[in-house]
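Just so you know, we're using my numbering here: the sequence shown kicks off at 23 and counts up by one.
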Amino acid sequence: MISANEIRNRQIKVSQVGYDKEEVNILLDEAADTVDGYVAENKELYHKLEVLANKIEEYRAEEDSIKSALITAQKMADQIKKESAQAAEDKKKAVDKKARETIDDANKRAENTMDRAKKALDSAKSEAQRILKQANEKAQSIIAEKTAQGNDIIENAEKKANDAINSAKIVAQNILDQSREISNDLVQKSKEEKEAYDLLVQSLKSDAEKFIGSIKSLYSEQLEVLNAANLETSDDDIEKKVDDINDIHDEVKNLVSEIGEMESAIPEKIHIEKEEEPPVSHENVVITTDDDENEQIDESQQEDEPSDEPQNETDDEENEISSESDEDEDDAVIDDIISDINAEKNAKENDDVDFSLVDESEDMPDPMAAVEAFNSDTVTPIDDSDAPTIPEITDDDEDEKSLFDDETQLPFENYFNVNREDVHGDRTQTISLTAPDEDEDDAPKFKGFFKKKK
(Lines of atoms letter the chains of each structure in order from A and count residues from 1; the text may use other names and numbers.)
(Lines give C-alpha, C1' and ligand atoms only; values in the text may rest on other atoms or scores of the structure.)
Protein backbone atom coordinates (compact mmCIF):
# COMPACT_ATOMS: atom_id res chain seq x y z
CA MET A 1 0.00 0.00 0.00
CA ILE A 2 1.38 3.45 -0.94
CA SER A 3 1.19 6.31 1.48
CA ALA A 4 0.55 9.99 0.68
CA ASN A 5 4.25 10.90 1.28
CA GLU A 6 5.38 8.22 -1.12
CA ILE A 7 2.98 9.64 -3.71
CA ARG A 8 4.38 13.06 -3.18
CA ASN A 9 8.02 12.03 -3.16
CA ARG A 10 7.73 9.59 -6.02
CA GLN A 11 9.86 10.54 -8.98
CA ILE A 12 8.32 9.85 -12.37
CA LYS A 13 10.46 9.64 -15.52
CA VAL A 14 9.81 12.07 -18.22
CA SER A 15 9.15 10.91 -21.71
CA GLN A 16 8.68 12.74 -24.93
CA VAL A 17 5.19 11.72 -25.49
CA GLY A 18 3.55 11.81 -22.12
CA TYR A 19 1.19 13.64 -19.82
CA ASP A 20 1.49 17.14 -18.81
CA LYS A 21 3.80 17.34 -15.87
CA GLU A 22 1.83 19.98 -14.05
CA GLU A 23 -1.39 18.17 -14.41
CA VAL A 24 0.23 14.98 -13.23
CA ASN A 25 1.67 16.73 -10.21
CA ILE A 26 -1.63 18.31 -9.41
CA LEU A 27 -3.29 14.91 -9.71
CA LEU A 28 -0.68 13.37 -7.52
CA ASP A 29 -1.09 16.14 -4.94
CA GLU A 30 -4.80 15.61 -4.93
CA ALA A 31 -4.30 11.90 -4.67
CA ALA A 32 -1.91 12.46 -1.78
CA ASP A 33 -4.38 14.74 -0.09
CA THR A 34 -7.08 12.23 -0.67
CA VAL A 35 -4.93 9.51 0.83
CA ASP A 36 -4.18 11.74 3.78
CA GLY A 37 -7.90 12.34 4.17
CA TYR A 38 -8.53 8.61 3.94
CA VAL A 39 -5.74 7.93 6.42
CA ALA A 40 -7.13 10.50 8.87
CA GLU A 41 -10.62 9.13 8.38
CA ASN A 42 -9.28 5.66 8.75
CA LYS A 43 -7.57 6.59 11.99
CA GLU A 44 -10.74 8.15 13.22
CA LEU A 45 -12.70 5.16 12.14
CA TYR A 46 -10.11 2.89 13.69
CA HIS A 47 -10.32 4.88 16.89
CA LYS A 48 -14.06 4.57 16.78
CA LEU A 49 -13.66 0.93 15.97
CA GLU A 50 -11.44 0.49 18.98
CA VAL A 51 -13.98 2.27 21.08
CA LEU A 52 -16.68 0.10 19.60
CA ALA A 53 -14.53 -2.95 20.08
CA ASN A 54 -14.03 -2.03 23.68
CA LYS A 55 -17.72 -1.46 24.00
CA ILE A 56 -18.34 -4.73 22.27
CA GLU A 57 -15.95 -6.43 24.64
CA GLU A 58 -17.67 -4.77 27.53
CA TYR A 59 -21.00 -5.77 26.10
CA ARG A 60 -19.71 -9.25 25.55
CA ALA A 61 -18.54 -9.35 29.14
CA GLU A 62 -21.89 -8.02 30.29
CA GLU A 63 -23.65 -10.37 27.88
CA ASP A 64 -22.26 -13.36 29.73
CA SER A 65 -23.37 -11.95 32.99
CA ILE A 66 -26.72 -11.03 31.46
CA LYS A 67 -26.98 -14.43 29.91
CA SER A 68 -25.96 -15.93 33.19
CA ALA A 69 -28.52 -13.72 34.97
CA LEU A 70 -31.15 -14.58 32.41
CA ILE A 71 -30.28 -18.22 32.67
CA THR A 72 -30.27 -17.94 36.43
CA ALA A 73 -33.57 -16.05 36.35
CA GLN A 74 -34.99 -18.59 33.95
CA LYS A 75 -33.76 -21.41 36.12
CA MET A 76 -35.10 -19.64 39.16
CA ALA A 77 -38.41 -19.07 37.39
CA ASP A 78 -38.48 -22.67 36.31
CA GLN A 79 -37.49 -23.76 39.81
CA ILE A 80 -40.07 -21.48 41.38
CA LYS A 81 -42.68 -22.66 38.93
CA LYS A 82 -41.70 -26.23 39.51
CA GLU A 83 -41.58 -25.75 43.28
CA SER A 84 -44.89 -23.88 43.14
CA ALA A 85 -46.43 -26.65 41.13
CA GLN A 86 -44.86 -29.24 43.45
CA ALA A 87 -45.96 -27.28 46.52
CA ALA A 88 -49.42 -26.92 45.09
CA GLU A 89 -49.45 -30.60 44.27
CA ASP A 90 -48.14 -31.47 47.70
CA LYS A 91 -50.56 -29.10 49.33
CA LYS A 92 -53.37 -30.53 47.26
CA LYS A 93 -52.26 -34.03 48.20
CA ALA A 94 -51.96 -32.98 51.84
CA VAL A 95 -55.38 -31.35 51.74
CA ASP A 96 -56.83 -34.41 50.01
CA LYS A 97 -55.07 -36.66 52.48
CA LYS A 98 -56.26 -34.57 55.41
CA ALA A 99 -59.76 -34.49 53.98
CA ARG A 100 -59.69 -38.25 53.55
CA GLU A 101 -58.27 -38.65 57.06
CA THR A 102 -60.93 -36.27 58.40
CA ILE A 103 -63.64 -38.20 56.58
CA ASP A 104 -62.20 -41.52 57.74
CA ASP A 105 -61.89 -40.20 61.31
CA ALA A 106 -65.43 -38.87 61.18
CA ASN A 107 -66.64 -42.22 59.86
CA LYS A 108 -64.71 -44.05 62.55
CA ARG A 109 -66.07 -41.70 65.19
CA ALA A 110 -69.56 -42.18 63.83
CA GLU A 111 -69.06 -45.95 63.85
CA ASN A 112 -67.63 -45.82 67.39
CA THR A 113 -70.49 -43.59 68.47
CA MET A 114 -72.99 -45.98 66.92
CA ASP A 115 -71.25 -48.92 68.57
CA ARG A 116 -71.24 -47.15 71.93
CA ALA A 117 -74.85 -46.14 71.43
CA LYS A 118 -75.79 -49.73 70.57
CA LYS A 119 -73.85 -51.03 73.54
CA ALA A 120 -75.43 -48.41 75.80
CA LEU A 121 -78.86 -49.30 74.41
CA ASP A 122 -78.23 -53.01 74.91
CA SER A 123 -76.90 -52.32 78.41
CA ALA A 124 -79.90 -50.13 79.20
CA LYS A 125 -82.26 -52.82 77.89
CA SER A 126 -80.45 -55.48 79.92
CA GLU A 127 -80.50 -53.28 83.02
CA ALA A 128 -84.17 -52.47 82.49
CA GLN A 129 -84.97 -56.16 82.05
CA ARG A 130 -82.93 -56.99 85.14
CA ILE A 131 -84.65 -54.29 87.19
CA LEU A 132 -88.05 -55.38 85.86
CA LYS A 133 -87.24 -58.98 86.68
CA GLN A 134 -86.08 -58.04 90.17
CA ALA A 135 -89.19 -55.92 90.64
CA ASN A 136 -91.40 -58.81 89.51
CA GLU A 137 -89.56 -61.24 91.77
CA LYS A 138 -89.78 -58.79 94.66
CA ALA A 139 -93.46 -58.21 93.99
CA GLN A 140 -94.08 -61.95 93.80
CA SER A 141 -92.14 -62.53 97.02
CA ILE A 142 -94.00 -59.70 98.76
CA ILE A 143 -97.34 -61.03 97.52
CA ALA A 144 -96.41 -64.54 98.63
CA GLU A 145 -95.15 -63.26 101.98
CA LYS A 146 -98.21 -61.11 102.58
CA THR A 147 -100.48 -63.95 101.47
CA ALA A 148 -98.71 -66.33 103.85
CA GLN A 149 -98.91 -63.75 106.62
CA GLY A 150 -102.59 -63.18 105.91
CA ASN A 151 -103.22 -66.92 105.94
CA ASP A 152 -101.25 -67.26 109.18
CA ILE A 153 -103.14 -64.37 110.75
CA ILE A 154 -106.49 -65.83 109.69
CA GLU A 155 -105.45 -69.29 110.81
CA ASN A 156 -104.24 -67.96 114.16
CA ALA A 157 -107.39 -65.88 114.53
CA GLU A 158 -109.55 -68.88 113.71
CA LYS A 159 -107.57 -71.01 116.11
CA LYS A 160 -107.80 -68.41 118.84
CA ALA A 161 -111.49 -67.88 118.20
CA ASN A 162 -112.03 -71.61 118.29
CA ASP A 163 -109.93 -71.83 121.46
CA ALA A 164 -112.03 -69.11 123.03
CA ILE A 165 -115.24 -70.81 121.86
CA ASN A 166 -114.16 -74.20 123.16
CA SER A 167 -112.80 -72.71 126.37
CA ALA A 168 -116.05 -70.87 126.92
CA LYS A 169 -117.91 -74.04 126.05
CA ILE A 170 -115.82 -76.04 128.52
CA VAL A 171 -116.34 -73.47 131.26
CA ALA A 172 -120.05 -73.33 130.49
CA GLN A 173 -120.14 -77.13 130.51
CA ASN A 174 -118.37 -77.23 133.86
CA ILE A 175 -120.63 -74.57 135.27
CA LEU A 176 -123.65 -76.39 133.92
CA ASP A 177 -122.48 -79.69 135.40
CA GLN A 178 -121.85 -77.98 138.68
CA SER A 179 -125.25 -76.33 138.56
CA ARG A 180 -126.85 -79.69 137.77
CA GLU A 181 -125.12 -81.30 140.73
CA ILE A 182 -126.22 -78.60 143.12
CA SER A 183 -129.61 -77.86 141.55
CA ASN A 184 -131.42 -80.15 143.99
CA ASP A 185 -129.87 -78.26 146.89
CA LEU A 186 -130.59 -74.86 145.36
CA VAL A 187 -134.35 -75.46 145.24
CA GLN A 188 -134.26 -76.03 149.01
CA LYS A 189 -133.19 -72.48 149.76
CA SER A 190 -135.18 -70.42 152.20
CA LYS A 191 -137.40 -67.62 150.98
CA GLU A 192 -135.77 -65.49 153.69
CA GLU A 193 -132.62 -65.34 151.49
CA LYS A 194 -134.44 -64.10 148.38
CA GLU A 195 -134.24 -60.36 148.99
CA ALA A 196 -130.49 -60.29 149.75
CA TYR A 197 -129.60 -62.44 146.75
CA ASP A 198 -131.90 -60.45 144.52
CA LEU A 199 -129.74 -57.37 145.17
CA LEU A 200 -126.60 -59.36 144.44
CA VAL A 201 -128.10 -60.80 141.27
CA GLN A 202 -129.03 -57.35 140.01
CA SER A 203 -125.44 -56.19 140.50
CA LEU A 204 -124.08 -59.30 138.80
CA LYS A 205 -126.53 -58.85 135.95
CA SER A 206 -125.29 -55.32 135.32
CA ASP A 207 -121.65 -56.49 135.37
CA ALA A 208 -122.50 -59.44 133.12
CA GLU A 209 -124.07 -57.10 130.59
CA LYS A 210 -120.89 -55.03 130.60
CA PHE A 211 -118.83 -58.20 130.29
CA ILE A 212 -120.85 -59.39 127.28
CA GLY A 213 -120.58 -55.94 125.69
CA SER A 214 -116.80 -55.91 126.25
CA ILE A 215 -116.49 -59.39 124.72
CA LYS A 216 -118.46 -58.34 121.66
CA SER A 217 -116.49 -55.09 121.35
CA LEU A 218 -113.16 -56.92 121.65
CA TYR A 219 -114.29 -59.51 119.11
CA SER A 220 -115.20 -56.69 116.70
CA GLU A 221 -111.81 -55.06 117.26
CA GLN A 222 -110.09 -58.39 116.55
CA LEU A 223 -111.98 -58.62 113.27
CA GLU A 224 -110.86 -55.09 112.51
CA VAL A 225 -107.23 -56.09 113.13
CA LEU A 226 -107.63 -59.03 110.78
CA ASN A 227 -109.18 -56.78 108.13
CA ALA A 228 -106.34 -54.26 108.51
CA ALA A 229 -103.71 -56.99 108.24
CA ASN A 230 -105.13 -58.19 104.89
CA LEU A 231 -104.81 -54.83 103.02
CA GLU A 232 -101.91 -56.06 100.87
CA THR A 233 -103.82 -59.00 99.38
CA SER A 234 -106.03 -58.94 96.31
CA ASP A 235 -109.74 -58.12 96.34
CA ASP A 236 -110.74 -61.78 95.90
CA ASP A 237 -108.52 -62.79 98.83
CA ILE A 238 -109.94 -59.98 100.97
CA GLU A 239 -113.51 -61.05 100.19
CA LYS A 240 -112.59 -64.62 100.96
CA LYS A 241 -111.00 -63.68 104.30
CA VAL A 242 -113.95 -61.48 105.21
CA ASP A 243 -116.28 -64.44 104.50
CA ASP A 244 -114.11 -66.65 106.71
CA ILE A 245 -114.20 -64.08 109.52
CA ASN A 246 -117.95 -63.71 109.13
CA ASP A 247 -118.25 -67.50 109.42
CA ILE A 248 -116.25 -67.38 112.66
CA HIS A 249 -118.54 -64.61 113.86
CA ASP A 250 -121.52 -66.84 113.03
CA GLU A 251 -119.98 -69.58 115.15
CA VAL A 252 -119.72 -67.21 118.08
CA LYS A 253 -123.36 -66.24 117.54
CA ASN A 254 -124.30 -69.94 117.46
CA LEU A 255 -122.39 -70.44 120.70
CA VAL A 256 -124.31 -67.58 122.27
CA SER A 257 -127.51 -69.21 121.05
CA GLU A 258 -126.44 -72.50 122.60
CA ILE A 259 -125.68 -70.77 125.87
CA GLY A 260 -129.17 -69.29 125.66
CA GLU A 261 -130.55 -72.81 125.82
CA MET A 262 -129.20 -73.00 129.34
CA GLU A 263 -132.06 -70.75 130.45
CA SER A 264 -134.52 -73.59 130.08
CA ALA A 265 -132.29 -76.01 132.01
CA ILE A 266 -131.42 -73.89 135.10
CA PRO A 267 -133.77 -73.42 138.06
CA GLU A 268 -135.50 -70.13 138.58
CA LYS A 269 -133.94 -67.44 140.71
CA ILE A 270 -134.23 -67.93 144.42
CA HIS A 271 -135.11 -64.81 146.37
CA ILE A 272 -133.90 -64.57 149.93
CA GLU A 273 -135.63 -62.18 152.24
CA LYS A 274 -133.04 -60.32 154.24
CA GLU A 275 -132.13 -56.85 155.40
CA GLU A 276 -131.17 -54.36 152.75
CA GLU A 277 -127.48 -53.74 152.53
CA PRO A 278 -125.39 -51.08 150.80
CA PRO A 279 -125.05 -51.41 147.02
CA VAL A 280 -122.17 -53.48 145.82
CA SER A 281 -119.32 -51.54 144.21
CA HIS A 282 -117.57 -52.83 141.12
CA GLU A 283 -114.03 -54.07 141.13
CA ASN A 284 -112.25 -56.83 139.34
CA VAL A 285 -113.78 -60.29 139.07
CA VAL A 286 -111.31 -63.14 139.23
CA ILE A 287 -111.94 -65.75 136.51
CA THR A 288 -109.30 -68.44 136.44
CA THR A 289 -108.73 -71.37 134.16
CA ASP A 290 -106.01 -74.00 133.98
CA ASP A 291 -102.41 -72.74 133.85
CA ASP A 292 -101.90 -73.87 130.28
CA GLU A 293 -105.06 -72.12 129.11
CA ASN A 294 -104.06 -68.88 130.86
CA GLU A 295 -100.67 -68.87 129.14
CA GLN A 296 -102.24 -69.41 125.72
CA ILE A 297 -104.86 -66.73 126.35
CA ASP A 298 -102.26 -64.19 127.57
CA GLU A 299 -100.16 -64.74 124.43
CA SER A 300 -103.16 -64.45 122.16
CA GLN A 301 -104.25 -61.20 123.81
CA GLN A 302 -100.77 -59.68 123.45
CA GLU A 303 -100.81 -60.45 119.75
CA ASP A 304 -104.39 -59.31 119.19
CA GLU A 305 -104.41 -55.81 120.66
CA PRO A 306 -107.37 -53.85 119.32
CA SER A 307 -106.59 -51.46 116.53
CA ASP A 308 -107.50 -47.76 116.44
CA GLU A 309 -108.87 -48.03 112.90
CA PRO A 310 -112.62 -47.66 112.38
CA GLN A 311 -114.73 -50.82 112.64
CA ASN A 312 -115.88 -52.39 109.43
CA GLU A 313 -119.47 -51.45 108.58
CA THR A 314 -120.47 -55.05 107.91
CA ASP A 315 -119.12 -56.16 111.27
CA ASP A 316 -120.93 -53.28 112.99
CA GLU A 317 -124.23 -54.31 111.43
CA GLU A 318 -123.68 -57.94 112.37
CA ASN A 319 -122.69 -56.99 115.91
CA GLU A 320 -125.74 -54.80 116.29
CA ILE A 321 -128.06 -57.54 115.00
CA SER A 322 -126.33 -60.14 117.18
CA SER A 323 -126.44 -57.94 120.27
CA GLU A 324 -130.13 -57.16 119.76
CA SER A 325 -131.11 -60.78 119.20
CA ASP A 326 -129.00 -62.33 121.94
CA GLU A 327 -129.13 -59.68 124.68
CA ASP A 328 -132.21 -60.99 126.47
CA GLU A 329 -131.10 -64.63 126.30
CA ASP A 330 -127.58 -63.84 127.57
CA ASP A 331 -128.91 -61.77 130.46
CA ALA A 332 -131.32 -64.48 131.54
CA VAL A 333 -128.71 -67.23 131.32
CA ILE A 334 -126.05 -65.33 133.24
CA ASP A 335 -128.55 -64.21 135.89
CA ASP A 336 -129.67 -67.80 136.48
CA ILE A 337 -126.11 -69.17 136.62
CA ILE A 338 -124.87 -66.50 139.01
CA SER A 339 -127.94 -66.81 141.21
CA ASP A 340 -127.61 -70.60 141.46
CA ILE A 341 -123.89 -70.51 142.19
CA ASN A 342 -124.17 -67.89 144.89
CA ALA A 343 -127.15 -69.67 146.42
CA GLU A 344 -125.16 -72.89 146.56
CA LYS A 345 -122.24 -71.18 148.23
CA ASN A 346 -124.42 -69.50 150.80
CA ALA A 347 -126.24 -72.77 151.51
CA LYS A 348 -123.03 -74.64 152.26
CA GLU A 349 -121.59 -72.01 154.58
CA ASN A 350 -124.67 -71.05 156.56
CA ASP A 351 -125.95 -74.24 158.17
CA ASP A 352 -127.82 -72.31 160.85
CA VAL A 353 -130.17 -70.58 158.40
CA ASP A 354 -133.72 -71.88 158.27
CA PHE A 355 -134.63 -72.97 154.77
CA SER A 356 -138.08 -73.27 153.41
CA LEU A 357 -138.47 -75.48 150.37
CA VAL A 358 -139.67 -74.01 147.23
CA ASP A 359 -142.76 -75.60 145.91
CA GLU A 360 -141.54 -78.51 143.86
CA SER A 361 -144.66 -78.37 141.85
CA GLU A 362 -143.27 -75.32 140.02
CA ASP A 363 -142.36 -75.81 136.43
CA MET A 364 -138.60 -76.54 136.66
CA PRO A 365 -136.74 -77.18 133.40
CA ASP A 366 -134.63 -80.28 133.12
CA PRO A 367 -130.88 -79.37 133.57
CA MET A 368 -129.87 -82.36 131.50
CA ALA A 369 -131.25 -80.74 128.39
CA ALA A 370 -128.60 -78.03 128.59
CA VAL A 371 -125.93 -80.60 129.48
CA GLU A 372 -126.73 -82.62 126.37
CA ALA A 373 -126.63 -79.45 124.28
CA PHE A 374 -122.99 -78.88 125.31
CA ASN A 375 -121.92 -82.50 125.10
CA SER A 376 -121.94 -82.25 121.31
CA ASP A 377 -118.44 -82.02 119.75
CA THR A 378 -119.66 -80.49 116.50
CA VAL A 379 -118.81 -76.94 115.46
CA THR A 380 -120.97 -74.76 113.31
CA PRO A 381 -119.86 -75.54 109.73
CA ILE A 382 -118.37 -72.84 107.52
CA ASP A 383 -120.22 -72.17 104.28
CA ASP A 384 -117.06 -71.49 102.28
CA SER A 385 -115.57 -74.82 101.26
CA ASP A 386 -112.17 -73.22 100.67
CA ALA A 387 -111.96 -71.71 104.14
CA PRO A 388 -109.54 -73.47 106.54
CA THR A 389 -111.16 -75.73 109.09
CA ILE A 390 -111.01 -74.53 112.67
CA PRO A 391 -109.57 -77.27 114.85
CA GLU A 392 -111.24 -78.13 118.09
CA ILE A 393 -109.38 -78.10 121.36
CA THR A 394 -109.19 -81.52 122.96
CA ASP A 395 -107.90 -82.14 126.44
CA ASP A 396 -106.16 -85.52 126.62
CA ASP A 397 -104.14 -84.78 129.73
CA GLU A 398 -105.14 -87.54 132.12
CA ASP A 399 -103.20 -85.99 134.99
CA GLU A 400 -105.01 -82.66 134.78
CA LYS A 401 -107.63 -82.22 137.45
CA SER A 402 -111.13 -81.06 136.70
CA LEU A 403 -112.86 -78.17 138.40
CA PHE A 404 -114.63 -80.58 140.71
CA ASP A 405 -111.61 -82.61 141.91
CA ASP A 406 -110.98 -80.27 144.85
CA GLU A 407 -113.81 -80.88 147.28
CA THR A 408 -112.70 -78.09 149.60
CA GLN A 409 -113.30 -75.25 147.14
CA LEU A 410 -115.97 -74.79 144.52
CA PRO A 411 -115.18 -73.36 141.08
CA PHE A 412 -117.47 -70.36 141.36
CA GLU A 413 -115.50 -69.14 144.38
CA ASN A 414 -112.47 -68.49 142.16
CA TYR A 415 -114.55 -67.09 139.28
CA PHE A 416 -116.22 -64.39 141.31
CA ASN A 417 -113.69 -63.92 144.13
CA VAL A 418 -116.24 -64.76 146.79
CA ASN A 419 -115.14 -65.18 150.38
CA ARG A 420 -116.88 -68.32 151.60
CA GLU A 421 -116.11 -67.41 155.20
CA ASP A 422 -118.24 -64.24 155.20
CA VAL A 423 -120.90 -64.14 152.54
CA HIS A 424 -123.71 -62.40 154.41
CA GLY A 425 -121.75 -60.21 156.75
CA ASP A 426 -119.33 -58.50 154.36
CA ARG A 427 -121.04 -56.58 151.56
CA THR A 428 -117.92 -54.67 150.58
CA GLN A 429 -116.87 -57.40 148.17
CA THR A 430 -117.03 -56.04 144.66
CA ILE A 431 -117.41 -57.58 141.26
CA SER A 432 -116.18 -55.98 138.03
CA LEU A 433 -115.49 -57.20 134.54
CA THR A 434 -112.92 -54.55 133.61
CA ALA A 435 -109.19 -55.21 133.57
CA PRO A 436 -107.22 -53.85 136.57
CA ASP A 437 -104.75 -50.99 136.20
CA GLU A 438 -101.10 -51.95 135.90
CA ASP A 439 -100.05 -49.93 138.93
CA GLU A 440 -102.43 -51.62 141.41
CA ASP A 441 -100.72 -53.09 144.43
CA ASP A 442 -103.10 -56.04 144.72
CA ALA A 443 -102.86 -58.94 142.32
CA PRO A 444 -105.23 -58.69 139.35
CA LYS A 445 -108.60 -60.20 140.10
CA PHE A 446 -109.61 -60.82 136.51
CA LYS A 447 -107.89 -63.57 134.58
CA GLY A 448 -110.11 -64.59 131.77
CA PHE A 449 -110.27 -65.12 128.09
CA PHE A 450 -109.86 -61.47 127.15
CA LYS A 451 -107.37 -59.08 128.66
CA LYS A 452 -106.05 -55.81 127.37
CA LYS A 453 -102.56 -55.88 125.97
CA LYS A 454 -99.98 -54.19 128.15
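By construction, the Cβ of each residue, glycine as well, lies at the ideal position given by its N, Cα and C atoms.
Ala54 counts as buried, since at least 16 other C-beta atoms from the protein chains shown sit within 10 angstroms of its C-beta.
If you check the CB distance, Ile187 and Glu246 do not come in under 8 Å. In this structure, Asn276 is the residue among Thr94, Lys141, Asn276 and Glu123 with its C-alpha nearest to the C-alpha of Asn184. Phe233 and Ala194 have their C-alpha atoms some 15 Å from each other. When the beta-carbon positions are compared, Ala142 and Gln244 stay at least 8 Å from each other.
Taking C-alpha positions only, Glu44 is separated from Thr56 by approximately 18 Å.
Contact annotation: the region 61 to 71 does not touch the region 82 to 94, with fewer than three C-beta pairs closer than 8 Å. By the Cβ-count criterion, Gln200 is buried, with 16 or more other Cβ atoms from all chains shown falling within 10 Å of its own Cβ. Your pair Asp58 and Ala26 checks out as a contact, with CB atoms roughly 5 Å apart and the cut at 8 Å.
Under a 10 Å Cβ-count criterion, Tyr241 is classified as buried, with 16 or more other Cβ atoms of the shown protein chains found around its own Cβ. By the C-beta density criterion, Ile34 is exposed, having fewer than 16 other C-beta atoms within 10 angstroms. Glu28: member of the alpha helix (DSSP H) spanning Ala26 to Asn31, first to last residue. Linking Glu79 to His69 through their CA atoms gives a straight-line distance of about 15 Å. CA-to-CA, the gap between Thr94 and Glu111 works out to about 24 Å.
Taking every protein chain shown into account, the CB of Ile164 has fewer than 16 other CB atoms within 10 angstroms, so this residue is exposed. Around the beta carbon of Asp86, fewer than 16 other beta carbons lie within 10 angstroms, which makes this residue exposed.
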